[in-house]
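The structure appears right after this line, and notes come after that.
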Amino acid sequence: MADHQSDSDKEDVGSSTLTPLSPGKRQRKTKSTACRRCHARKVKCSGGQPCENCRQASKGAECSYPRKNRLVKVSQQYIDDLIAENQRLRQDDAKPRPEPTIPDVSISQSTETSSSLQGTLLEERPWFFDMNVLHTPVLIGEASDAAFATRFRQAISEPGHSHIPRVNYAPDERLLALSDEDCPWPIPSRARLLVNVALKYVSRNYYIVRKSQILEGLEQTILNPNSADSLLRSKLWVLFAIGEMYSTRTAAKDRNFPGMAYFARATRILRIISERPRIDAIEIRLLLSFYSLALNRRYTAYALAGSSVRLSVVMGLHLNVPESQLRDTGAREHRNRVWWTAYSFDRMWASRLGHPVAIQDDDIEVDLPTDPVLDTPSDDFADSSYFIAGLRLARLAAKVINAIYTRRPQQKTLSQRVQEALRDLRAFVEELPPHLHIEPTDAPEPSPKPLSLHLYFNQVAITATRPILLHVLRTHVSAWDTQPRTEPQIPVSAMTLSEACIRCARHSCRLLIDCWIDGSFATFDYFYTQYLFSSATVLAISSLIDGKECRSDKEQFESAAQFLHQLKENGNFAAEEFCRHVDAMKSTWTNAKQTVVLVDTGIVCYHCEMNCENIHRQSPNKCFSSLLIRFSSFLLTNLTTSRPWSSHQLTTINNYQQLATSPSYTKSTHTTIIPLTTDNMSSFSTAYPTDGEVIDIGGSSINLTFVDDQLPKAFLGKGDFPKEVAYTSGMEKWNAIADKSYQTSDEMAIIKATAKQVVQQLKSGTHIIDLGAANSKKFEPYVHEFISQSKECVYVALDLSHVSLVEHIAKAKATFPGVKCIGLWGSFEQGDIYFNKTRPTARLFLSLGSIFYNAPDSMAKDRCVEFKLHMTPVDRLIVGQDGPTGAEASQTHAAYNTVEYDAFFTTYLQGLQDHAGIVGANPKTAWTVESELNKAMHYFDVTANHEMQCTKFNINVPAGTVFQMFKSWKRYEAEIHKLTNEVGLNIETLGKAENSGMRQYLIKTAEN
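So in UniProt numbering, spot 598 of the sequence shown is number 598, and the numbers just go up one at a time.
Below, the structure written as structure tokens:
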């Protein structure tokens, strides 16, 4: 690689510009050139193709020679003209100009980079990968994300690191078998749902079909199945496939990928290529191409898109049809838009693979999309400016591939070509209509169209600039091996271009994480998955090249990797492939930089990667070795019995602490290597999180498949309806209830009256652990009391909703800026595991809002037993519980009949319908809901007002069926004391509300 380049390699091979001789300088006598392999091994080369050494080593295919410099004579006038032109460009570059969004690097700086940008262009020979299939090596496009990930791994390790082939996709054999099987037509309600979902997601970003015609054709097919021709039915089959794919959140491992059976059925139409194609045939291929990406069949998608372009050319869609031959305005616009979608798909898929496009721009004469005025109003033709912007980006993507990822000789250097691509992209942004710009971060959430457009824009910019970023990384890697450590010499232009690449990756990653948080990241969406992997790879590189934000980039990379693994677990084919690359990157990364080295010049810190013997004294919070000094005593004291540390690791950390803190520490002549794995690093983060941090203790891995297990039993009257649907999908509605509930106000009154008494029992440094925080302020009186008693405390909030938790921690920090606030994202069960492994000085657990005992007797007792296991004698548990009697019961009924509770329960019913596949039912009118209180249990009688079908479970719900839902146990004081004492815990009643049955209890271990 870069360490063993011949002299001729050190020229910018991206430029074919001739280098003239200086006047009077004679050309040296030509000597034979060694092949690359012999040059790297520093052995004599015999010459020839292949040379003798390569032939004997059976490496004939790898025997290649560097290109020589061509030396030519030129006139003095030519040189004078070049000098004058250079001076003029420098003067122009010195003029002030507004700072652009995308970095503007002057072409005049290319002289600086021409000798330094080595190893950033394509290899001389195409990259084929042997898949052990006879005579069928696989071509790897250098422009693809997977290829770049491999080049990244090769740059920080041995160059021979193998490419990871793509094997995670729907196999041909399975699709062929499915295409021959009979696929049942979905029931009418299901068919309408799937088509509407497909149209929503496909038409959001692309134009393929006319909505009005599809919906009309669907209804005709439902009424008379024999009336539809084969093209319409095939079109509906593939729409069913797309609809099922986007309406499914998890792919069961023992079933087909969502929609795959419909897709296979639709492919039957491809067995015969029509000699007189209709536009329907192009639409079907575009839809099949779109869905193929979800199956991670990228070559299939590329081939289908190219086929669409070919059929479009046969039909003349790339030309304007005379108006005299086609007067229907809608039909003309439909032709134009279908053509431009085929054009865009072809260029988009080609640029992702690094392959050629099916048609050149010079051959196209058709008009761009417009906003036609139709005789019959419809929403068939959405905003044309969005589609024009999309096709312009697709055109730029193809241009980037042709200009940067090419083996043909070029007149311009690589740096110049990348700068030109960025100028084109900047011009694209400047011409973008205002409504397609993403609003500032404090504005409402951006609509999906501008979001997708900006993500695609970032991807094109990343593809254009990441060869430069790879060169910068290789330069840094070369500097790692030098002693003493030297700063890598990187041209300013290369740094500017690589920083543009990193900024685009950061922006994409932030947008995608926001989509994940707000739920708009569809599980099987190929594009979002690819953008996430592409940006994560760039951020992984950024974290290694010591930029100002390298630590933040590493954290974003870890977040993206975690999301990709979650998508993989849910059945996303592309994520499964990308996770293999991510895991390989992490492994290579760890092998390259997993040690903390103490050398004879001082301490070389894992985090700082520089001599920080003095830094850790001056700025201890910035140095990892200093953090080890501060935290190792805590870790050894508190975590040895609960974390899986090996004795070697514990001894190593202890030795490090003694060495680093010793006053008599002197420079030594030997090197001590201390292993630090990624797992150890995450252990440090979890055990001692930073202020304001939200720790994922399992929240991201939670899925609601258990809901789908419970629901069939509940609809058959053999089990309870799961409450978890409400707490995940309707958390904001639940918070609205809590704000106005008598339980909230009454419990807050008890807390204010008893907080002083509780805090007096607790040590300084106590962790206040809020179980199910739900944006409540009930913890605040305890924090105020710790402050007034001059005791330190840490506030830790546990919640299942990530969005709610992030907002809650931000509010807590704003209210108590001097108090450390931490978030735990996960369930109560995951919290139990976490609390068992981490034992701070003391803990005050808060289970407020009638949650802890809100279950049948056996479950409530199990909860007490579980808590007993991780409570210490210095811990306390505060439990709030409502237990109304007599007149207080009417107040309970009233609380369940408010506008806020109605909105919450409607959301809950909608969630149940979605999980069960009940379509077309309005939860407000499909059910009658009545509040009931039977002794200690409150519940809702929910009656079906009309017949409904649970399509997911094939269960019929007749009109008049009554279900008991959302059961809540209202426990009295005596039974709570009895339940708690029976498991060996002590309990006392802290107080009772004056006008309700709300009470608070203080629970502690029996050892007190």
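By construction, the Cβ of each residue, glycine as well, lies at the ideal position given by its N, Cα and C atoms.
Beta bridge pairing from DSSP links Asn-986 with Lys-1004. When DSSP reads this structure, Glu-932 sits in a beta bridge with Tyr-939. Inter-segment contact for the region 456-464 and the region 527-535 is present: three or more beta-carbon pairs are separated by less than 8 Å. DSSP, reduced to helix, strand and coil, places Ile-513 within a helical segment of the structure shown.
In this structure, Arg-876 lies near Arg-843, with their beta-carbon atoms less than 9 Å apart. Under DSSP, no beta-bridge partner is assigned to Arg-408. With a 10 Å radius around the Cβ and a threshold of 16 neighbouring Cβ atoms, His-318 comes out buried. One alpha carbon belongs to Glu-988, the other to His-977, and they sit about 8 Å apart.
Scanning its chain for C-beta atoms nearer than 6 Å, with the 5 sequence neighbours on each side dropped, one finds no residue around Asn-402.
In the three-state scheme derived from DSSP, where H, G and I count as helix and E and B as strand, Thr-248 is classed as coil. Residue environment for Arg-271: exposed (fewer than 16 other C-beta atoms within 10 angstroms of its C-beta).
Under DSSP, Arg-876 forms a beta bridge with Leu-844. By DSSP's assignment, Asp-770 forms a beta bridge with Ala-797, Leu-846. Per DSSP, the unbroken alpha helix (DSSP H) holding Lys-813 starts and ends at 802-815. A straight-line Cα-Cα distance of about 41 Å links Asn-226 and Ala-389. Distance from the Cα of Gly-911 is smallest, within the candidate group Thr-815, Val-725, Glu-975, for Val-725. The alpha-carbon separation between His-870 and Cys-793 amounts to approximately 19 Å.
When DSSP states are grouped into helix, strand and coil, Leu-139 belongs to the strand group.
Straight across, the Cα-Cα distance linking Tyr-853 with Lys-868 is about 14 Å. Shown here, Trp-825 sits in a strand according to DSSP, grouped into three states. For the options Gly-217, His-802, Phe-963, the alpha carbon positioned closest to that of Gly-698 is the one of His-802. Non-local beta-carbon contacts of Ser-292 in its own chain, meaning distances under 6 Å to residues more than five positions away in sequence, involve Thr-300, Ala-301 in chain order. A direct Cα-Cα distance of roughly 27 Å separates Asn-296 from Lys-554. It is roughly 14 Å from the alpha-carbon of Glu-333 to the alpha-carbon of Lys-211.
Ranked by how close their Cα comes to the Cα of Gly-354, the residues His-437, Gly-823, Pro-126 have Pro-126 in first place. For Gln-949, the beta-bridge partners assigned by DSSP are Asn-956.
If you draw a straight line from the Cα of Ser-162 to the Cα of Leu-176, it is about 31 Å long. By the Cβ-count criterion, Leu-396 is buried, with 16 or more other Cβ atoms from all chains shown falling within 10 Å of its own Cβ. Ranked by Cα distance from Glu-244, the first of Arg-174, Thr-523, Glu-430 is Thr-523.
Between the C-alpha atoms of Val-492 and Met-315 there is a straight-line separation of about 51 Å. Three or more beta-carbon pairs separated by less than 8 Å are not found between the region 207-223 and the region 263-278, which leaves the two stretches without contact. Nearest neighbour of Met-937 by Cα position, chosen from Val-899, Pro-856, Glu-900, Thr-496, turns out to be Pro-856.
The criterion of a C-beta distance shorter than 9 Å is satisfied by Pro-467 and Ile-404. The region 535-546 makes contact with the region 461-480: 3 or more CB pairs, one atom from each, lie closer than 8 Å.
DSSP places Gln-789 in no alpha helix (DSSP H); its state is neither H nor E. DSSP lists His-938 as the beta-bridge partner residues of Ser-968.
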